[in-house]
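A quick write-up on the structure given underneath.
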Amino acid sequence: MHRYTDYSLLPHNTFGMDVKAAFFVEYTSVDDLQTVLAERRRAGAEDRLLPIGGGSNLLFGGDFSGTVLHSAIRGMMPVAEDDSHVWVKVGAGEVWDDFVAHCVDRGWYGAENLSAIPGEVGASAVQNIGAYGAEVKDLITEVEVVEVATGALRLIPAADCRYAYRQSIFKNEWKGRFIVTHVTYRLGKQPDFRLDYGNLRTELEGKPLTLATVREAVRRIRDSKLPDPRKQGNAGSFFMNPVVERPCFERIRADYPSMPFYEVDADHVKIPAGWMIDQCGWKGRALGRAGVHDRQALVLVNRGGATGAEVMALAEAVRRDVKEKFGVEIHPEVNYIV
Ligand code: EPU
25 MHRYTDYSLL PHNTFGMDVK AAFFVEYTSV DDLQTVLAER RRAGAEDRLL PIGGGSNLLF
85 GGDFSGTVLH SAIRGMMPVA EDDSHVWVKV GAGEVWDDFV AHCVDRGWYG AENLSAIPGE
145 VGASAVQNIG AYGAEVKDLI TEVEVVEVAT GALRLIPAAD CRYAYRQSIF KNEWKGRFIV
205 THVTYRLGKQ PDFRLDYGNL RTELEGKPLT LATVREAVRR IRDSKLPDPR KQGNAGSFFM
265 NPVVERPCFE RIRADYPSMP FYEVDADHVK IPAGWMIDQC GWKGRALGRA GVHDRQALVL
325 VNRGGATGAE VMALAEAVRR DVKEKFGVEI HPEVNYIV
């Protein structure tokens with residue numbers, strides 16, 4: 025276990041905000057986490073507690089006066105297997121894409137469309153990460169958590185996690201109550217590819233269809249659109265794609281017949297926020313040192329030295345314009361820490 029005071033969060037947030045945490049604790053086991061929480065209970069600590077993963081979905085408004093907890097719990101352990109599936113228990117501190125690579129190397133199906141998503145395994149279960157027609161909720165069978173108030177270890181079956189598009193019970197009703205320590209995923213042993221999202225199938229044309237080629241295709245598509253946080257600070261999609269009622273969708277489509285969309289159910293349709301922001305003319309534009317990425321308008325970038333407040337001001341201006349043009353509210357996917 026490592027403990028630091030007045031600790032720079034620059035390596036822990038992909039937006040590249042140069043902010044500090046009053047306290048920072050990195051733990052490598054469930055025991056260590058329980059020890060830290062027990063100490064806090066004994067000391068009657070009342071400062072804020074912020075568990076973070078890879079910091080790829082966080083926007084700090086300034087220095088954080090509480091305690092940041094970072095999991096360095098590692099390990100990818102097969103825990104069960106049958107003819108068709110393997111169950112793997114993974115430490116919350118593993119890098120998500122390392123786990124995807126591990127699955128692809130072993131011939132386990134299901135995670136390949138989620139290649140190259142920044143962040144760590146613990147956050148995958150909180151955010152319900154998704155890309156190219158796949159969502160991690162369809163792989164998760166169980167989430168192991170520690171309860172902050174008591175230190176008790178609990179196993180939450182996926183069915184109880186209230187998973188929905190970029191949502192889970194850990195972001196809503198149970199926000200702040202539990203810290204994820206391990207996630208168990210179920211992967212397939214037989215080929216079962218999902219290639220119908222966007223241009224994934226086109227990207228694979230002329231190539232053999234294998235886990236490795238799908239992973240490479242996803243990486244190429246992402247690289248062509250999404251900025252590398254090591255070169256330009258960003259947190260991937262800044263907003264969630266809004267799910268609107270069908271009459272609202274029909275109203276907008278009457279004016280924009282070529283608008284892209286995804287069917288959700290009989291009454292709802294999802295509209296790409298990036299397309300709407302693009303239509304508002306924001307793509308490639310800046311406000312102060314924060315900007316809208318020039319290849320994917322859903323991504324806000326730090327053009328160098330931006331503060332959290334500058335990014336938030338840009339997000340607000342974008343949100344306002346989308347509301348004015350389309351009558352649709354868009355909401356950040358990124359978590360504001362203010
Ligand atoms: N579009 C534009 N202009 C833009 C951006 C997008 O016209 O500036 C159009 C595209 O042409 C396309 C549609 O909008 O027709 C959708 O774009 P894209 O396929 O790039 O996906 P997205 O809906 O913008 C979502 C996820 C991404 C994920 C991709 C691929 C959310 C909030 N974002 O983006 O996830 O990689 O689909 O599955 O759902 C992330 O969460 O950080 C993330 C990158």
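Just so we're aligned: 231 in this note's numbering is position 207 of the sequence shown, and the numbers increase by one with no gaps anywhere. A virtual CB, placed ideally from N, CA and C, is assigned to each residue, including glycine. For clarity, every value in this text was computed on a predicted model and none was experimentally measured.
Can you have a look at Gly68 and say buried or exposed, based on whether 16 or more other CB atoms are within 10 angstroms of its CB?
Within the sequence shown, the letter at position 44 stands for residue 68. Answer is exposed; the Cβ neighbour count stays below 16.
Tell me whether Trp299, by its Cβ, gets closer than 8 Å to a heavy atom of the ligand EPU.
Your numbering for residue 299 matches position 275 in the sequence shown. Result yes, Cβ under 8 Å from the ligand EPU.
The beta strand (DSSP E) spanning Asp318 covers which residue range?
As a first step, residue 318 is located in the sequence shown; it is residue number 294 there, counting from the start. Neither: Asp318 is in no beta strand (DSSP E) and is coded neither H nor E.
Contact set for Arg243: own chain, Cβ-Cβ below 6 Å, skip 5 residues either direction:
For this step, residue 243 is matched to residue 219 along the sequence shown. Taken in chain order, the residues that qualify are Ser139, Ala140.
Would you call the segment 276-291 and the segment 206-220 in contact, with 3 or more CB pairs under 8 Å?
no
What distance in whole Å lies between the Cβ atoms of Val92 and Phe48, which are believed to be in contact at a cut-off of 8 Å?
Here residue 48 refers to the residue found at position 24 of the sequence shown. Here residue 92 refers to the residue found at position 68 of the sequence shown. About 5 Å separates the two Cβ atoms, so the contact holds.
Can you find at least 3 beta carbon pairs, one from the segment 251-268 and one from the segment 324-341, that sit closer than 8 Å?
yes
Going by the CB atoms, is the gap between Val114 and Met101 shorter than 9 Å?
Sequence index remark: in the sequence shown, residue 101 carries index 77 (1-based). Sequence index remark: in the sequence shown, residue 114 carries index 90 (1-based). Yes, these two residues count as a Cβ contact at 9 Å.
Can you look up Trp120 in the DSSP assignment and give me helix, strand or coil?
The count along the sequence shown starts at 1 and reaches residue 120 at position 96. It is helical.
Name the DSSP bridge partner or partners of Val323?
Within the sequence shown, the letter at position 299 stands for residue 323. Looking at the DSSP assignment, Val323 forms a beta bridge with Ser261.
Rounded to whole angstroms, what's the CA-CA distance from Asp56 to His355? Just pull it up for me.
Numbered from 1 along the sequence shown, position 32 holds the residue referred to as residue 56. Numbered from 1 along the sequence shown, position 331 holds the residue referred to as residue 355. Cα-Cα distance, rounded: 36 Å.
State yes or no: is the C-beta of Phe262 within less than 9 Å of the C-beta of Val323?
On the sequence shown, residue 262 is found 238 positions in, with the first residue counted as 1. On the sequence shown, residue 323 is found 299 positions in, with the first residue counted as 1. Cβ distance < 9 Å, so Phe262 and Val323 count as in contact.
When we look at the beta-carbon of Tyr360 and count the other beta-carbons within 10 Å, is it buried (16 or more) or exposed?
Reading the sequence shown from its first residue, position 336 is the one you call residue 360. Under this definition Tyr360 is an exposed residue.
To the nearest angstrom, how far is it from the Cα of Cys127 to the Cα of Arg98?
As a position in the sequence shown, residue 127 is number 103, starting the count at 1. As a position in the sequence shown, residue 98 is number 74, starting the count at 1. In a straight line, the C-alpha of Cys127 is about 16 Å away from that of Arg98.
Is the CB-CB distance between Arg239 and Val358 below 9 Å?
Here residue 239 refers to the residue found at position 215 when the sequence shown is read from its first residue. Here residue 358 refers to the residue found at position 334 when the sequence shown is read from its first residue. At least 9 Å separates the beta-carbon of Arg239 from that of Val358.
The segment 303-312 touching the segment 265-277, judged by at least three CB pairs closer than 8 Å:
No, the segment 303-312 is not in contact with the segment 265-277.
Is it true that the CB of Glu63 sits closer than 9 Å to the CB of His94?
Start at 1 with the first residue of the sequence shown, and residue 94 comes out as number 70. Start at 1 with the first residue of the sequence shown, and residue 63 comes out as number 39. No.
Let me know if Thr174 comes out buried or exposed under the rule of 16 or more other beta-carbons within 10 Å of its beta-carbon.
Numbered from its first residue, the sequence shown carries residue 174 at position 150. That one is exposed.
Can you give me the C-alpha to C-alpha distance between His317 and Ser32, rounded to a whole angstrom?
Taking the first residue of the sequence shown as 1, we reach residue 317 at position 293. Taking the first residue of the sequence shown as 1, we reach residue 32 at position 8. Between His317 and Ser32, the C-alpha separation is close to 26 Å.
Report whether the distance from the Cβ of Ile276 to the nearest heavy atom of the ligand EPU is below 8 Å.
The residue you call residue 276 lines up with position 252 of the sequence shown. No, the beta carbon of Ile276 sits no closer than 8 Å to any heavy atom of the ligand EPU.
Within the same chain, show all residues whose beta-carbon is closer than 7 Å to that of Asp291, passing over the 5 residues directly before and after it, in chain order.
Counting from 1 along the sequence shown, the entry for residue 291 is found at position 267. Glu269, Arg270.
Excluding the five sequence neighbours on either side, which residues of its own chain have a C-beta within less than 8 Å of the C-beta of Arg313, listed in chain order?
In the sequence shown, counting from the first residue as 1, residue 313 sits at position 289. Within the same chain, Arg313 has close Cβ partners Asn326, Arg327, Gly328, Gly329, Ala330, Thr331, Glu334.
Alpha-carbon spacing of Gln191 relative to Arg210, whole angstroms:
As a working mapping, residue 191 is identified with position 167 in the sequence shown. As a working mapping, residue 210 is identified with position 186 in the sequence shown. Their Cα atoms are separated by approximately 20 Å.
Sorted by chain position, which residues of the same chain lie with C-beta nearer than 7 Å to Ala96's C-beta, five sequence neighbours on each side aside?
In the sequence shown, the residue the question calls residue 96 occupies position 72. Within the same chain, Ala96 has close Cβ partners Glu50, Tyr51, Thr52, Gly117.
Enclosing alpha helix (DSSP H) for Pro271 [first to last residue]:
By one-based count along the sequence shown, residue 271 stands at place 247. 270-279 is the extent of the alpha helix (DSSP H) around Pro271.
Identify the continuous alpha helix (DSSP H) that holds Asp216 and give its terminal residues.
As a first step, residue 216 is located in the sequence shown; it is residue number 192 there, counting from the start. For Asp216, there is no enclosing alpha helix (DSSP H), since its DSSP letter is neither H nor E.
With distances taken from CA atoms, which of Pro35, Asp106, Arg66, Ser89 is nearest Ser80?
Position 56 of the sequence shown, counted from the start, is the residue given in the question as residue 80. Taking only the C-alpha atoms, the option nearest Ser80 is Pro35.
With hydrogens ignored, establish whether the beta-carbon of Lys161 is closer than 8 Å to any heavy atom of the ligand EPU.
Along the sequence shown, one-based indexing puts residue 161 at 137. No - the ligand EPU has no heavy atom lying nearer than 8 Å to the Cβ of Lys161.
Assign Ala182 to one of three DSSP states: helix, strand, or coil.
Reading the sequence shown from its first residue, position 158 is the one you call residue 182. Reduced to three states, the DSSP call for Ala182 is helix.
Once the 5 residues before and after Ser148 are set aside, which same chain residues still bring their CB inside 7 Å of it?
For the purposes of this step, residue 148 is taken as residue 124 along the sequence shown, with counting starting at 1. Counting only Cβ-Cβ distances below 7 Å, and skipping sequence neighbours, we find Trp120, Val160, Val207.
Quick test of your reading: Ala321 and Asp345, contact by CB under 8 Å. State the CB separation rounded to the nearest angstrom.
For the purposes of this step, residue 321 is taken as residue 297 along the sequence shown, with counting starting at 1. For the purposes of this step, residue 345 is taken as residue 321 along the sequence shown, with counting starting at 1. That belief does not hold up - the Cβ atoms of Ala321 and Asp345 are roughly 11 Å apart, past 8 Å.
Does any heavy atom of the ligand EPU sit closer than 8 Å to the C-beta of Val92?
Taking the first residue of the sequence shown as position 1, residue 92 is located at position 68. No, since every heavy atom of the ligand EPU falls outside the 8 Å radius drawn around the Cβ of Val92.
In chain order, what are the residue ranges of uninterrupted beta strand (DSSP E) at least 3 long that sit wholly in the segment 71-145?
Taken in chain order, the complete beta strand (DSSP E) segments of 3 residues or longer contained in the segment 71-145 are 73-76, 82-84, 88-95, 100-105, 109-115.
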